[in-house]
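Residue numbers (our numbering): 3 to 362.
For each residue, glycine too, the CB sits at the ideal point set by N, CA and C.
The structure presented is a predicted model; accordingly, all values stated were derived computationally and were not measured.
The structure appears right after this line, and notes come after that.
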Amino acid sequence: MKKIEQTIKKTREMTAGIDVIKYAAAVLVICFHCERVFQEPELNFLFKNVLCRIAVPFFLISTSYFVRRGQTSSKGYTKHYVRSLIKSYLFWSLIYLPIGFIWIQQSYSLSPSLYPVALIVGLFYTGTYYHLWYIPAAIFAIIMVQWLVKRVGYPFLLGLAGLLYSFGSLETYYGYIGNGQLKAFFDRYLQLFITTRNGLFFALIFVTIGFFIWDYKEKLVKYEKFSDRLLLIAACLLLTEGVVVYQNIGIDKNFLFSLIPFTGLLFWKSLSIEVSKQLNVRRLRELGKFYFFIHPLCILWAGSLVKNHEFFNNNWAQLITVLVMTHILSSLIISMIEYPPMAYVELWRRIKLTHFTLVA
3 MKKIEQTIKK TREMTAGIDV IKYAAAVLVI CFHCERVFQE PELNFLFKNV
53 LCRIAVPFFL ISTSYFVRRG QTSSKGYTKH YVRSLIKSYL FWSLIYLPIG
103 FIWIQQSYSL SPSLYPVALI VGLFYTGTYY HLWYIPAAIF AIIMVQWLVK
153 RVGYPFLLGL AGLLYSFGSL ETYYGYIGNG QLKAFFDRYL QLFITTRNGL
203 FFALIFVTIG FFIWDYKEKL VKYEKFSDRL LLIAACLLLT EGVVVYQNIG
253 IDKNFLFSLI PFTGLLFWKS LSIEVSKQLN VRRLRELGKF YFFIHPLCIL
303 WAGSLVKNHE FFNNNWAQLI TVLVMTHILS SLIISMIEYP PMAYVELWRR
353 IKLTHFTLVA
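Below, the structure is given as structure tokens:
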């Protein structure tokens, strides 16, 4: 019994730092999807397109790290995890489906006869709303990395994932493409596949890193003393790359090469972060998960408030409103899961009974 308690304590200590950073990353995702945060263009760009871009790669590395850990204890873990993720994904896809179709109507002149095709593309590729692309991308990358690492090993897999990421980065560095044939080829790709932000070009490298960190965690320990300096160097590279991209903005800013070392090192560092025992990291983990899924609804609701109240006609007021709404709604859902409605009925019955007894 004592050994089990020690194991649970050690596991909590190793993952507490990850949970704290994941919660912060969930907040950054909300900030990114809201309106302009800072009025200064340079500062706003660095905040939203450099700092906030850390979130999704960190999620991918963290998810794949724990999937790899689960695989070591159960052969069927990946299948179980993917099934669970698909169920959650289908639920939220259904929630956002009406909003997604409204967005398609406003953004594209798509014939209603093509709506079934748009639904299939949404479910398997882009997501039925803009933030849900992450789930099919993560599932695809996890399955691919698990299959490839057994057959080709990490050197080849990291090289392949790096090359694919380089192709995907053409959307970020589109303004720097000088080769006319390459630009024409990339334009044709985008016409057909819309974006390179997917499981193949974007997620694959970060999932590979997550697997790698778990598999080589013992060997990486001896380099831990260099982690702070390496993380600082990677942060400087990330900032420098952000400045380069800002000077010649491409189609989108999803791909930054320095995100690869920075988020990998940040996750590695998070394994050794000490967190106060008084902090409920489990609660933070659950909140972060629901923040991700719920925040677009809160952004839409906050947007409707802007039309009717002058107070909300301020970007910071909007952001704070979205954060508060997201937190309240997430907390409410978590409470309802932990204490289902019938539990509340039973609790109310007991309160009434106790009150009657005291009065009598």
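Spanning the alpha carbons of I32 and H329 requires a straight line of approximately 11 Å. Rounded to the nearest whole angstrom, the C-alpha separation of V69 and L165 is 24 Å. Contact check for T128 and I23: beta-carbon distance about 27 Å, past the 8 Å limit, so the pair fails to qualify. In the three-state reduction of the DSSP assignment, D254 falls in the coil class.
The criterion of a C-beta distance shorter than 7 Å is not satisfied by G201 and F257. Under the Cβ criterion (8 Å, minimum of three pairs), the segment 33 to 42 does not count as touching the segment 112 to 120. V147 is positioned such that its CB atom lies closer than 7 Å to that of V209. Ranked by how close their Cα comes to the Cα of Y91, the residues R231, I137, Y156 have I137 in first place. Excluding the 5 residues flanking it on each side, Y178 has same chain C-beta neighbours closer than 8 Å at N250, G252, in chain order. Between the C-alpha atoms of V84 and K50 there is a straight-line separation of about 30 Å.
I63 is a Cβ neighbour of T265, given a cutoff of 7 Å. By the C-beta density criterion, G244 is buried, having at least 16 other C-beta atoms within 10 angstroms.
Going by beta carbons, E37 and Q320 fall inside the 7 Å limit.
Taken in chain order, the complete alpha helix (DSSP H) segments of 4 residues or longer contained in the segment 144 to 186 are 155 to 170. The beta carbons of W135 and R199 sit about 7 Å from each other, so the pair counts as a contact at 8 Å. Between A18 and F60 the beta-carbon gap is near 15 Å, outside 8 Å, which marks them as no contact.
Boundaries cannot be given for A205, as no alpha helix (DSSP H) includes it and DSSP labels it neither H nor E. Rounded to the nearest angstrom, the Cβ distance from L206 to A236 is 20 Å, too far for a contact under 8 Å. In the structure shown, N282 falls within a coil segment according to DSSP collapsed to helix, strand and coil. Under the DSSP assignment, Q73 falls in the alpha helix (DSSP H) whose first and last residues are 57 to 75.
Closest option to Y131, judged by alpha-carbon separation, among G102, R153, L30: G102.
Annotation for E44: the continuous alpha helix (DSSP H) segment containing it runs 43 to 48.
In the three-state scheme derived from DSSP, where H, G and I count as helix and E and B as strand, V326 is classed as helix. Here the segment 219 to 236 does not lie against the segment 180 to 189, with fewer than 3 beta-carbon pairs under 8 Å apart. Annotation for F295: W94 place their beta carbon closer than 6 Å to its own, counting only its chain and skipping 5 residues before and after. In the three-state DSSP reduction, W135 falls in the coil class, being neither helix nor strand. Relative to T174, the option among A163, G161, L192, H297 whose CA is nearest is L192. Around the CB of S66, 16 or more other CB atoms lie within 10 Å, so the residue is classed as buried. Contact annotation, Y25 with L261: C-beta distance approximately 19 Å; criterion of less than 8 Å not satisfied. In the same chain as G124, and ignoring 5 residues on each side of it, the C-beta atoms closer than 7 Å to its own belong to G102, T130, in chain order. Counting only residues of its own chain and dropping the five nearest sequence neighbours on each side, L184 has no CB closer than 7 Å to any other CB. The beta-carbon separation of S229 and K271, rounded to 5 Å, stays under the 8 Å limit for a contact.
Y91 carries a helical assignment under DSSP once its states are collapsed to helix, strand and coil.
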